[in-house]
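Protein chains in written order, with the working numbering: chain H, 1 to 119; chain W, 120 to 936. Note that CB positions come from ideal geometry on N, CA and C, so glycine has one too. This one's a predicted model, so the numbers in the text were calculated from it and none came from an experiment. For reference, the structure discussed in these notes is given below.
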């Protein structure tokens with residue numbers, strides 16, 4: 001339930017708000033719904049990743065020019081060791097890390113801070 | 120403790136968001152950039168399904184219709200000129216906002232704000248040279264001219280209307296990667312954009328290098344090796360054209376013509392002129408064309424870049440209807456055509472950048488000696504803001520010549536306690552005239568007289584304006600503001616203490632060289648000498664090498680019944696005139712040593728068809744050999760490492776053919792041996808083959824093909840963004856070839872226009888695409904066709920109502936209260 005709520009509310013908020021808006025959404029929803037800090041981290045991270053990676057893959061699929069390859073190219077530069085990794089893999093790894101960490105820690109913080117006030 | 124237990128997660132989350140929201144060194148803000156809702160994925164474009172778009176905009180007077188064709192070229196129809204230029208600014212900004220602002224950051228010396236300290240030295244030079252300051256003055260001056268001012272203000276308002284619509288996710292992707300935001304546009308920024316062209320096209324100088332040559336070898340050697348006019352030349356104004364004016368008295372050559380360096384050599388850090396940044400244009404008259412009316416062609420050669428320097432568009436209002444290319448950031452069409460006329464430009468390249476050695480009173484540099492008195496310098500503090508906020512300041516000193524570009528903290532013969540300074544006098548810092556009005560009047564020109572009137576507004580960078588009309592006139596004019604100089608004034612560093620060395624005034628604009636309907640039936644230019652030595656004024660001692668101009672002229676000379684397609688074949692001509700001139704002599708020399716005939720590459724060069732076509736191995740060998748030969752002859756005496764320059768190819772070729780015993784052939788670096796010319800030629804041939812073998816493996820038609828070795832790259836304006844670039848384009852050409860495509864420069868727009876009594880036919884394309892967005896299919900869609908030498912048929916609509924299958928969508932800009 002929490003997972004679905006984060007995706008729906010986080011998704012809508014992300015269309016209008018700044019890039020980091022998914023974090024306060026996780027914080028608030030976890031404050032409200034999550035049981036433990038640990039589970040809050042897991043569910044928030046998973047939901048944020050689903051949202052970000054899902055939308056990234058969608059945009060990547062419908063675009064006419066492969067922008068992911070071009071952006072990944074800027075990061076890898078001419079580094080030969082990274083030549084063989086599929087470029088979209090590099091992009092999705094970064095998207096996953098950014099969304100998992102910002103969503104996860106914010107969700108976890110929601111439960112922690114709630115407990116402070118309820119204790 | 121309890122607090123810590125409950126709040127560390129929140130602190131961590133907040134810290135993480137902060138980290139991911141910032142850029143760190145060259146690492147962009149990962150959170151912002153990689154969010155699919157805000158970051159680079161928002162710059163991807165889905166297949167355009169066409170359809171109309173309506174856009175209410177504040178500042179418009181009436182409705183403007185923008186019709187986009189299948190190449191994403193906008194055709195703008197406005198009801199008045201203010202709306203036309205407003206819409207032009209709006210439409211260009213939609214496609215090229217990042218690029219146009221980037222150019223202004225370059226010329227105003229503000230790149231450090233975007234990329235940090237690594238741009239500091241580059242910025243410092245650009246600030247010192249005064250472009251930003253002069254742009255400010257020009258913008259101020261133009262405010263007083265109602266026409267210029269209304270065009271510039273309308274254009275700015277259009278750009279700003281677009282900027283006002285942008286939120287972070289809509290920003291061009293370069294802003295996201297480099298993490299900054301666009302500033303509001305203004306007329307000043309348009310002038311800064313034009314300053315960039317002045318700098319590119321007239322910002323080089325050999326003055327100090329040649330002064331070093333005089334200092335080491337004496338004036339006679341310079342007169343011999345660096346003459347004022349080449350042996351082989353076909354000047355822009357045909358030899359024999361009469362000068363139909365009474366010239367002003369030119370200043371007499373003073374006794375002292377230069378300031379020699381104090382300690383053997385001067386070491387200014389000034390870029391060399393770049394002859395490969397030249398261009399071709401020509402017009403054939405009706406007598407030579409199949410239609411009986413003129414055909415005009417132009418291909419300006421510039422640094423190849425993505426986004427492209429040009430933007431195609433049609434501009435239409437009750438006052439004008441014109442098609443061509445615009446510079447992003449600048450109103451009007453720069454190269455193009457309308458119903459009655461067509462015009463184009465190439466760079467003149469006359470000497471409009473001089474250096475003066477300045478004698479300061481003391482270390483403070485507050486006073487300098489000129490005309491037997493101490494004069495005060497003006498001081499200005501320049502501040503540089505680095506990315507991240509750090510501020511660095513620099514004091515700039517100005518003399519009446521111009522800014523002090525360089526100071527040297529060593530003992531000088533001028534003054535033992537003061538640094539030697541060098542002031543720069545540069546046409547770019549002239550603040551009169553209104554270059555943009557030249558283009559405005561050309562855009563609406565109807566005939567030859569309109570063309571001549573348009574040219575009078577122009578200052579710099581001086582251009583060869585080629586012209587043709589459907590009244591069967593053709594003309595060409597090397598045009599701009601030219602200093603009135605004594606012969607060879609500014610060939611060397613000048614003495615800043617003597618008034619005789621100051622620029623002495625200007626060549627009257629109506630006495631700039633020009634020719635209309637010459638007997639040979641065509642006009643042309645390729646940056647070569649504007650005139651032969653009979654022209655009464657001094658313009659410069661060195662222009663671009665003559666080969667391109669001579670080849671164009673021999674092709675046009677031979678041409679009858681010309682069509683757009685025959686002129687296209689001239690634009691793509693890969694014939695190597697330098698090889699025709701010198702290769703027979705070089706091969707004859709090689710043959711004197713029977714061992715060389717067995718050397719790899721010899722049969723390839725001997726059997727080469729003299730064309731720099733993409734697949735030719737002979738072209739690869741010749742071009743490399745030419746470099747090695749120059750090095751072998753000249754590097755011992757005139758090494759660029761010693762701040763000198765080589766004599767021209769023209770002089771070198773003449774020496775090989777006529778002065779085989781010249782002392783310059785001997786390699787000074789070998790102490791106990793005197794090399795002959797034949798030995799040097801043989802040695803350089805082997806060096807060329809060895810260097811090619813080292814880099815490309817043993818001789819092989821695939822690996823040694825000219826296009827592979829030349830390897831033309833079209834790079835993004837930020838060179839580090841290699842994946843936004845197109846590398847290793849497969850095409851021929853070369854630096855003194857009509858198809859002047861080198862590794863990094865080339866025809867940046869090719870256009871051919873057949874004039875007609877009823878409606879002209881235009882053809883053209885450029886090596887890029889209309890969109891500046893690397894995520895668009897229109898970012899680089901014209902490159903492959905460009906590499907093949909093909910042209911698009913240009914859609915030039917008669918009016919807003921004209922139907923065309925090529926029109927794919929329409930955007931209506933509506934006034935908003």
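Identity of the residues DSSP links to residue i by a beta bridge
i	result
residue 515 of chain W	W/499
residue 799 of chain W	Paired residue(s): none; residue 799 of chain W is not in a bridge.
residue 436 of chain W	W/439
residue 881 of chain W	W/872
residue 466 of chain W	W/582
residue 455 of chain W	W/443, W/462
residue 663 of chain W	Paired residues: none, contrary to the question.
residue 492 of chain W	W/489
Proximity below 8 Å, CB of residue i to CB of residue j
i	j	result
residue 215 of chain W	residue 228 of chain W	no
residue 948 of chain W	residue 73 of chain H	Residue 948 of chain W is absent from the structure shown; chain W starts at 120 and stops at 936.
residue 672 of chain W	residue 853 of chain W	no
residue 946 of chain W	residue 474 of chain W	This structure gives no information on residue 946 of chain W, because the portion of chain W shown stretches from 120 to 936.
residue 7 of chain H	residue 51 of chain H	yes
residue 404 of chain W	residue 593 of chain W	yes
residue 135 of chain W	residue 68 of chain H	no
residue 647 of chain W	residue 354 of chain W	yes
residue 219 of chain W	residue 447 of chain W	yes
residue 871 of chain W	residue 811 of chain W	no
residue 767 of chain W	residue 664 of chain W	yes
residue 109 of chain H	residue 48 of chain H	no
residue 937 of chain W	residue 459 of chain W	Past the edges of chain W, shown from 120 to 936, lies residue 937 of chain W, and the structure says nothing about it.
residue 37 of chain H	residue 43 of chain H	no
residue 132 of chain W	residue 28 of chain H	no
Contact set for residue i: own chain, Cβ-Cβ below 6 Å, skip 5 residues either direction
i	result
residue 916 of chain W	194
residue 197 of chain W	183, 203, 206, 436
residue 148 of chain W	140, 141, 142, 298
residue 559 of chain W	451
residue 311 of chain W	223, 226, 227, 254
residue 273 of chain W	201, 204, 205
residue 655 of chain W	366
N- and C-terminal bounds of the alpha helix (DSSP H) containing residue i
i	result
residue 330 of chain W	326-336
Beta-carbon contacts of residue i that lie in its chain and below 8 Å, excluding the five residues immediately before and after
i	result
residue 325 of chain W	391, 392, 661, 764
residue 180 of chain W	198, 199, 201, 202, 934
residue 773 of chain W	350
residue 54 of chain H	none
residue 892 of chain W	162, 164, 214, 291, 292, 898
residue 875 of chain W	410, 412, 589
Beta strand (DSSP E) segment containing residue i, residue limits
i	result
residue 125 of chain W	Premise fails: residue 125 of chain W lies in the alpha helix (DSSP H), 121-140, not in any beta strand (DSSP E).
residue 173 of chain W	170-177
residue 725 of chain W	Run containing residue 725 of chain W: none in the beta strand (DSSP E); it sits in the alpha helix (DSSP H), 721-725.
residue 929 of chain W	926-935
residue 572 of chain W	Here residue 572 of chain W belongs to no beta strand (DSSP E); instead the alpha helix (DSSP H) covers 567-574.
Status (buried if at least 16 other CB within 10 Å, exposed otherwise) for residue i
i	result
residue 918 of chain W	exposed
residue 549 of chain W	buried
residue 531 of chain W	Here residue 531 of chain W scores only 42 on pLDDT, less than 50, and its place in the model should not be relied on; the value that follows carries that caveat. It counts as buried.
residue 286 of chain W	exposed
residue 877 of chain W	exposed
residue 500 of chain W	exposed
residue 728 of chain W	exposed
residue 146 of chain W	exposed
residue 65 of chain H	buried
residue 814 of chain W	exposed
residue 846 of chain W	exposed
Cβ shell of residue i (< 7 Å), same chain only, five flanking positions each side left out
i	result
residue 315 of chain W	222, 225, 226
residue 922 of chain W	none
residue 602 of chain W	471, 622, 625
residue 781 of chain W	774
Partners in chain C for residue i, counting only beta-carbon separations shorter than 8 Å
i	result
residue 94 of chain H	Protein chains H and W are contained in the structure displayed, whereas chain C is not.
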